[in-house]
Amino acid sequence: MNPRDHTEHAVTVVCDRCGATVPAEQAVTVDDERCCGECVRAAVRASRSASISPGARKHPLAAVVASVVPGAGQTYNGQVKRGLVFLVIVLLSLLQAERHPADSAWIYVVFLAWTFAAFDAYHGAECLNAGGRLRDDLTLVQPSEGTDRSPSVWGYLLVAVAATLLIENLWPVQISLRYAGPTIALVLGLWFIFGRVRRGDPHL
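Using our numbering, you'd call the opening residue of the sequence shown number -2 and step up by one each time.
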């Protein structure tokens, strides 16, 4: 055996996660595993995603009851930021419903947001009880295991609603949510569908 080959073989290790061969000085131990740089970066990204791990058993019905206060069900599941988003959406919609009592569309927005918050809290509690993980971010649909790229549309939705409110208050022409709401929903729905088509997502 060539001594040089023996030396080169001795200073390389195999990544326990992906099987790649890397120089020993570049390998890092993560959870008692020797990992390459790419796997280390993936572990860091995963740790920064603020995922909620299964802990004490959650009661789905309790999450729904807590949702009497918008966002409290998400907070019960450990998703504080997500709960705050629901609270802000419902409060803003209530304010607009009070300001525009003739426009019944705002009442529908309040009802839909409140109902979806309760459903989301129930689903989150069931997911945790089943051993799943929840992310405390603004994704509209909570990702299941292996689908890390759920569409983050809450930000787009908030921007769209805020823009509608600004236009309604600053422009002399009144814009009814009866037309703005369906338009926003249509744009977000098309973005969601075509975004998945571009990624080749089979779950459409």
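Glycine residues also receive a C-beta, built at the ideal position from the N, C-alpha and C atoms.
Reference residue i, options the options, closest by Cα
i      : options                    : result
Glu123 : Gln23, Ala60, Arg14, Arg38 : Ala60
Gly129 : Ala40, Arg96, Glu35, Asn74 : Asn74
Three-state secondary structure (DSSP) of residue i
i      : result
Cys36  : helix
Pro20  : strand
Val11  : strand
Val65  : coil
Arg130 : coil
Arg54  : coil
Proximity of residue i and residue j at Cβ, strictly below 9 Å
i      : j      : result
Asn126 : Arg79  : no
Pro67  : Leu92  : no
Arg31  : Cys12  : yes
Ala226 : Ser64  : Past the edges of the chain, shown from -2 to 201, lies residue 226, and the structure says nothing about it.
Val85  : Ala94  : no
Leu109 : Gly121 : no
Same chain, Cβ closer than 8 Å to residue i, neighbours up to 5 away in sequence not counted
i     : result
Thr9  : Thr18, Val19, Pro20, Ala21
Gly34 : Val19, Gln23, Val25
Buried/exposed call for residue i, threshold 16 Cβ in 10 Å
i      : result
Asp29  : exposed
Thr26  : exposed
Gln76  : buried
Cys15  : exposed
Ser141 : At Ser141, the pLDDT of 45 sits below 50, so the modelled position is not reliable; the number obtained from the coordinates is stated separately. Classification of Ser141: exposed, given that the 10 Å Cβ count is below 16.
Val82  : buried
Ala69  : buried
Cβ shell of residue i (< 6 Å), same chain only, five flanking positions each side left out
i      : result
Arg146 : In this prediction, Arg146 scores a pLDDT of 42, lower than 50, which makes its location untrustworthy; no coordinate-derived value is stated.
Gln71  : Arg79, Gly80, Ala118
Ala47  : Unreliable positioning characterises Ala47 in this predicted model, as indicated by a pLDDT of 47, which lies under 50. A coordinate reading is not provided.
Pro57  : Tyr119, Ala122, Glu123
His3   : In this prediction, His3 scores a pLDDT of 49, lower than 50, which makes its location untrustworthy; the coordinate-derived value is nonetheless stated afterwards. Excluding positions up to five away in sequence, the list is empty.
Close Cβ partners of residue i (< 7 Å) along its chain, the five nearest in sequence each way excluded
i      : result
Trp111 : Pro67, Val87
Cys36  : Cys12, Arg14, Cys15
Ile104 : Ala94
His97  : Trp103
Ser90  : Trp103, Val106, Val107, Ala110
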